[in-house]
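J.:
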Amino acid sequence: MHHSLIVHQHLYQPPREDPWLEVVHAEPSAAPDHDWNARINRECYMRLAQAEAHRRDARAAARDPDARAGLSRVVNLYAWCSFDAGATLCEWLDGEAPDTLRAMQQGDAASVRRWGHGNAIAAPYHHVILPLAAPRERRTEIRWGLRDFRRRFGREAEGIWLPECAADDDTLEAVAAEGVRFTILAPYQVQGHDGSGMPVRWVGASGRTLTIVPYDGSLAGDVAFGGLLRKRLRIAQRFTPYRDMPMVAPRCTTLATDGETFGHHHKGGDAALLEGLSLVARQSSTRLTNAAALVANHPATQTVTLVSPSAWSCAHGVDRWRSNCGCRLDGGKPALQQWRGPLRGALEQLATHAHEVYEREGRDLFARDVWDVRDAYGDVVAQDGNALADFARLVARDGSDETALQRIRELLELERATLRLFTSCAWFFDEVDRLEVRQVLRYAARCLELSGAAARLTPAFVQWLAPATNGLAGSPSASDVFVREALPHRDHTLCVAASAIASAAAGMLVTRVTVYDVQASPVGTAWQVDTTHRRTGARASFTGTVRGAGPSLLVRLARVRSSGGVDGSEEEVAVHEFPELMAQLLLRREASEDAALLAVAD
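Counting in the working numbering, the sequence shown runs from 828 upward without gaps.
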């Protein structure tokens, strides 16, 4: 009999992209990095791909290479640790840190070769609390996650990570219905297991089964919050609890924690983890493996019941994401999270309206069931441009014109924005005016716009949000946050067009600005720019001229009617209203030209 060790890393960042431009804006709180995704990638995700032991161990490692396990001083830990990478994080990695994503994929492939089963497991597409989702939305989130996993890792997912480990019997039924074999849960979420850490079996009302791998709750707590990563020998001892004990039956220790623990939350955590695993590899009582291999090699024999609902970060089921249950980050402050319920209620009302629009219009536009189309959108939802245009043509009724195809793409984007509304981070923290709430409210504003009913629904939505406050006099409400920081106060397409005109006038012809394709051409002393949104296919044309320079640069422009001529009055857009990268590009160019002129004058 032997002891198995699994280290599972839950890798996730919420979607931080502006829902109109599909880029992450600068987040000053993440300094010295541009934004929190960039900072956490630098401090953690990238380091996990290149984990390195502390210098004091270099000589020892050179004297005693671990030939049996293949661990060396610089290691891609994605090849040795079980992990899930949230789809919204992968979207960002795809464009901004492709080497990190490639290391995850390579690590998974290496684990398949070594153990016959991959380290990577899937996750629902958005980090939503599945027990609080409607059955139809729960199914779509799972299916989108599985489809995205297949595209990125080139194989079917054997397991799935549930956001916040939040589960109820209906959630496990939905997971099992998609053919997933297992999930990982906290030990206190299952009743009837023997404490060995080996896989156990859950049986649903339908007769479907799902394997559960219970993780070691004490170990997870000590790693995440107890400073265990500062004690490399101690962590190795915790990884091998049975090294001096005879075993009559297989046992497993599973460490499951946020991947950000290793480097972001705890500096040097990646090195500590590598050293702990290296020490484990030098003894024979414990075998490192992954959850999929464990489940395949040790089919569950025990049947358990689920504590339903339950989660790993709420002692009250899943109330942290719908009520003032008392769970919060700062236990020294009073529990003033009564805003959680009204925020969820307002977003649920908006989602109901959005789904009604999608279903009503989709019935006339799609060639098949509207909800089947939404599920299938998971194949391409992380892409843009031609992939989305081709998908729209695939699901459209025969003979659909360009207007119908554009509306199909808008309706699918409406559903994407609606699903994003329930990203769990908006409820996890203590205040209603945090950036996580602001972000989901931006998705709400995008929903209102794409629904075509913004003028009618926005005033009502503002009223629905008003009760979402902590109750203290003068404290902001979600309504205040929405009006002040989520509603767009300028037409994003107008700002993109202005930046393209300014760059063209400066001699820089660009073809892409954020999520827009742009094409600028001179028209007399002015410029015309044509824009195409790469997700919705929406097209627009503008004419404009440039005035001023440097920080005082502005573009005066007007929209061109499809039939010709100018639509409405002209507007002025200042350089500080341009998309961030375009503004920086233009200002840097002018600064460098000024410097060159000064050098010549000197």
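Backbone N, C-alpha and C define an ideal beta-carbon position, used for all residues, glycine too.
1. Identify, in the order they occur along the chain, each residue of the same chain with its Cβ nearer than 6 Å to the Cβ of Phe-1309, setting aside the five sequence neighbours on each side.
2. Would Val-1027 and Ala-1127 be called neighbours here (beta carbons separated by less than 8 Å)?
3. Please list the terminal residues of the continuous beta strand (DSSP E) segment that includes Gln-1346.
4. So, using beta-carbon positions, are Glu-1183 and Leu-1238 closer together than 8 Å?
5. Once you ignore the five residues that flank Leu-1012 on each side, which residues in its own chain have a CB closer than 7 Å to its CB?
6. In the DSSP assignment, the beta strand (DSSP E) including Leu-1012 goes from what residue to what residue?
7. What are the complete beta strand (DSSP E) segments, minimum 3 residues, inside the stretch 1302–1330?
8. Identify, in the order they occur along the chain, each residue of the same chain with its Cβ nearer than 6 Å to the Cβ of Val-1134, setting aside the five sequence neighbours on each side.
9. Give the secondary structure of Pro-990 by DSSP, where H, G and I count as helix, E and B as strand, and everything else as coil.
10. Using 7 Å as the cut-off, classify the Cβ of Val-1030 as near or not near the heavy atoms of the ligand MN, replying yes or no.
11. Mind listing, in chain order, the continuous alpha helix (DSSP H) runs of no fewer than 4 residues lying wholly within the stretch 1205–1269?
12. Going by C-alpha distance, which of Thr-1363, Val-834, Ser-1396, Thr-1341 is nearest Phe-1405?
13. Keeping to the same chain, check which residues put their C-beta closer than 7 Å to that of Pro-1068; ignore five residues upstream and five downstream.
14. What's the gap between the Cα of Gln-1164 and the Cα of Val-850?
15. For the 8 Å Cβ check, are there 3 or more pairs between the stretch 830–837 and the stretch 901–921?
16. Inspect the beta-carbon positions of Ala-1063 and Leu-1106 and report whether they are closer than 8 Å.
17. Is the Cβ-Cβ distance between Trp-1198 and Arg-963 less than 8 Å?
18. From the DSSP output, read off the bridge partner residues of Gln-1018.
19. Which two residues bound the contiguous beta strand (DSSP E) that contains Ile-833?
20. Helix, strand or coil: which one does DSSP assign to Cys-1079?
21. Whole angstroms are fine: how far does the CA of Asn-1151 sit from the CA of Gly-1053?
22. In three-state DSSP terms, what is Leu-1412?
23. Pick helix, strand or coil for Pro-855, following the three-state DSSP scheme.
24. Label Met-1074 either buried or exposed according to how many other C-beta atoms from any shown protein chain fall within 10 Å of its C-beta, with 16 as the threshold for buried.
25. At a cut of 8 Å, does the stretch 931–938 reach the stretch 1154–1164 through at least three beta carbon pairs?
26. Which word fits Glu-1087, buried or exposed, when buried means at least 16 other C-beta atoms lie within 10 angstroms of its C-beta?
27. Is Val-1122 helix, strand or coil when you go by DSSP?
28. Which residues in the same chain as Gly-1090 place their Cβ atom closer than 6 Å to its Cβ, once the five residues preceding and following it in sequence are excluded?
29. May I ask you to report which of helix, strand or coil DSSP gives Ile-948?
30. Please tell me whether Arg-965 and Leu-973 are closer than 8 Å, where the distance is taken between their beta carbons.
31. Any idea if Thr-1132 is buried or exposed, counting beta-carbon neighbours within 10 angstroms, 16 or more meaning buried?
32. Tell me the DSSP bridge mates of Arg-1434?
33. Determine whether the beta carbon atoms of Val-1402 and Leu-1413 lie at a separation below 8 Å.
34. On a CA-only basis, which of Val-1387, Lys-1160, Arg-1171, Gly-1375 is nearest Ala-1367? Give me that one, please.
35. Between which two residues does the alpha helix (DSSP H) carrying Trp-971 extend?
36. Apply the 10 Å Cβ neighbour rule to Ala-824 and answer buried if 16 or more other Cβ atoms are within range, or exposed otherwise.
T.: According to the structure data:
1. These residues qualify, in order along the chain: Leu-1268, Leu-1292.
2. yes
3. 1343–1350
4. No Cβ-Cβ contact shorter than 8 Å links Glu-1183 with Leu-1238.
5. Within the same chain, Cβ atoms closer than 7 Å to the Cβ of Leu-1012 are found at Cys-992, Ala-994, Ile-1039, Pro-1041, the five residues on either side in sequence being excluded.
6. 1009–1012
7. Counting only runs of 3 or more, we get nothing.
8. Gln-1016
9. helix
10. Only the bare structure without any ligand can be found here, which leaves the ligand MN out of the picture.
11. 1213–1222, 1229–1247, 1252–1255
12. Thr-1341
13. By the criterion of a C-beta distance shorter than 7 Å, Pro-1068 is surrounded in its chain by Thr-1080, once the five residues flanking it on both sides are discounted.
14. 30 Å
15. They touch, by the three-pair rule.
16. yes
17. yes
18. Thr-1132
19. From DSSP, the beta strand (DSSP E) with Ile-833 extends over 830–838.
20. strand
21. One C-alpha to the other measures close to 27 Å.
22. helix
23. Under the three-state reduction of DSSP, Pro-855 is assigned to helix.
24. exposed
25. With a cut-off of 8 Å, the stretch 1154–1164 and the stretch 931–938 do not count as touching, because too few Cβ pairs lie within range.
26. Here Glu-1087 is buried: its Cβ has 16 or more other Cβ atoms, across all protein chains shown, within 10 Å.
27. DSSP places Val-1122 in helix when its eight states are reduced to three.
28. Cβ within range, chain order: Glu-870, Cys-871, Arg-874, Gly-1096, Asp-1097.
29. strand
30. no
31. Here Thr-1132 is exposed. Its C-beta has fewer than 16 other C-beta atoms within 10 Å.
32. A query on residue 1434 cannot be resolved here, the shown segment of the chain reaching from 828 to 1429 and no further.
33. Their beta carbons are under 8 Å apart, which means Val-1402 touches Leu-1413 by this criterion.
34. Val-1387
35. 962–980
36. As displayed, the chain neither begins before 828 nor continues past 1429, which places residue 824 out of reach and without an answer.
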